[in-house]
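Participant:
Number of protein chains: 2
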Amino acid sequence: MKRTILLYSLALAILLFLLQWLQFSFMVKDLTIEFYLGVVATIFTAVGIWTGLKLTRTKTKVVVQTEFTFNEIELNRLGISKRELEVLTLMAQGLSNQEIADKLFVSLNTIKTHSSNLFLKLEVNRRTQAIQKAKALSLIR
Amino acid sequence: MKRTILLYSLALAILLFLLQWLQFSFMVKDLTIEFYLGVVATIFTAVGIWTGLKLTRTKTKVVVQTEFTFNEIELNRLGISKRELEVLTLMAQGLSNQEIADKLFVSLNTIKTHSSNLFLKLEVNRRTQAIQKAKALSLIR
DNA sequence: TAGACAATCACCCTTTCGGGTGAAGGATAA
DNA sequence: TTATCCTTCACCCGAAAGGGTGATTGTCTA
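Chains as they are written, first to last, in the numbering used here: chain G, -4 to 136; chain V, -4 to 136.
Here it is in structure tokens:
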């Protein structure tokens, strides 16, 4: 943005200087003020269009990429702990409770407790629903 | 687009007329050409920026929508039938086998058969993995 | 018409999940 | 220091899911 303003200022300065020079050079000839105005109008319109396009170009780029913004507010609202989120993430990767237990170096019963608490907090009955809801709430990718 | 050009032409005509009038009105006063140029430059830059923004506005809208292209090639490659895809879709919506059976007016055993075949074709062991893979392959939304 | 395939259902058995209850240790806040 | 929450684990029980085999019906095609 700052660069755009700088470039624009520079372009304006150069153009004013150029026109000043033109004014002296072609004084003898019968060029009307309308001609100057036309030239200035055309050039500055072009610059304006370019600026307008430049301004939106960045916006478009941002929209294109699939962005994932972790919804920490919702996480806190539901009261889901760090460990529970870990379990939820692995669950969404298609792992069984036993596999999650092995990966986190805890017992199967522990994972069962975590998942039960998760289902209560997410207000669901099945892991498939939990995954669905967690994704809808942007708790997981 | 045609309307934009028309509006632009009209604005230009009006401005030229306005400046012509200004030129006669303030002839007595010591307004330099630079002043006129400055006014013209500012106005036409604004018009240019507006035009530029207008041009990209529609483009941005198109990009925003998340597109889903159903991968029929992959579906045929894996040999997944219509009915199996139905079951897969409902599965991804978090429904249990019993719920799917009720929704499709068939028995629980039928859904079990379909899901077993699905797991074989998708080369997975669990429904969570099946959903994951089906989404990755764009078989379901 | 025989063969292939989709769709349906049944029965068996094992594993996994989910719900409920209880409890212990550790960290943190009132 | 007491209370609260997180994390861990155990046990029980019923429901759901998964794996295997077999069978029937209908449709479509070589």
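Cβ atoms here follow ideal geometry from the backbone N, Cα and C, with glycine treated the same way.
The region 79 to 93 of chain G: which residues have C-beta closer than 9 angstroms to a C-beta of chain V, in chain order?
Facilitator: Against chain V - using a Cβ distance shorter than 9 angstroms - the residues of the region 79 to 93 of chain G are 86, 87, 88, 89, 90 and 91.
Participant: Between residue 72 of chain V and chain G, is there a C-beta pair that is closer than 8 angstroms?
Facilitator: Chain G, which has no Cβ nearer than 8 angstroms to the Cβ of residue 72 of chain V, makes this no.
Participant: Output the boundary residues of the alpha helix (DSSP H) element that contains residue 136 of chain G.
Facilitator: Counting along the chain, residue 136 of chain G falls outside any alpha helix (DSSP H), and DSSP gives it neither H nor E.
Participant: If you draw a straight line from the C-alpha of residue 39 of chain V to the C-alpha of residue 41 of chain G, how long is it?
Facilitator: Residue 39 of chain V and residue 41 of chain G: Cα-Cα distance of roughly 9 angstroms.
Participant: Below 8 angstroms on the Cβ atoms is my contact criterion, and I expect residue 92 of chain G with residue 106 of chain G to pass it. Report the Cβ-Cβ distance as a whole number of Å.
Facilitator: Confirmed, Cβ separation roughly 5 angstroms.
Participant: What residues in the region 99 to 125 of chain V have a beta carbon less than 9 angstroms from any beta carbon of chain G?
Facilitator: Those residues of the region 99 to 125 of chain V that come within reach of chain G (Cβ to Cβ, closer than 9 angstroms) are 119, 120, 121, 122, 123, 124 and 125.
Participant: For my contact list, residue 69 of chain V and residue 134 of chain V are in at a C-beta cut-off of 8 angstroms; report their separation, rounded to the angstrom.
Facilitator: Confirmed, about 6 angstroms.
Participant: Using a C-beta cutoff of 8 angstroms, does residue 39 of chain G count as contacting chain V?
Facilitator: Interface residue, yes.
Participant: At what residues does the alpha helix (DSSP H) containing residue 105 of chain G begin and finish?
Facilitator: Counting along the chain, the alpha helix (DSSP H) containing residue 105 of chain G begins and ends at 103 to 117.
Participant: What does a CB cutoff of less than 8 angstroms around residue 131 of chain G pick up in its chain, not counting 5 residues either side in sequence?
Facilitator: Counting only Cβ-Cβ distances below 8 angstroms, and skipping sequence neighbours, we find nothing.
Participant: Kindly indicate which three-state DSSP category residue 71 of chain G falls into: helix, strand or coil?
Facilitator: Here residue 71 of chain G sits in helix by DSSP.
Participant: What's the call for residue 143 of chain V, buried or exposed, on a 16-neighbour Cβ count within 10 Å?
Facilitator: Lying before the first or after the last residue shown, residue 143 of chain V is absent from chain V, which here runs from -4 to 136.
Participant: So residue 73 of chain V and residue 117 of chain V are in contact, right, with Cβ under 8 angstroms, and what is the actual spacing, rounded?
Facilitator: At roughly 7 angstroms, the Cβ-Cβ gap stays under 8 angstroms, so residue 73 of chain V and residue 117 of chain V are in contact.
Participant: Am I right that residue 75 of chain V and residue 123 of chain G are in contact with their C-beta atoms under 8 angstroms? What's the rounded C-beta distance?
Facilitator: That pair is no contact at about 19 angstroms.
Participant: Taking the CB atoms as reference points, tell me whether residue 62 of chain G and residue 109 of chain G lie closer together than 8 angstroms.
Facilitator: The answer is no: Cβ separation not under 8 angstroms.
Participant: Does any CB atom of chain G fall closer than 8 angstroms to the CB of residue 131 of chain V?
Facilitator: Not closer than 8 angstroms to any Cβ of chain G, the Cβ of residue 131 of chain V fails to qualify, so no.
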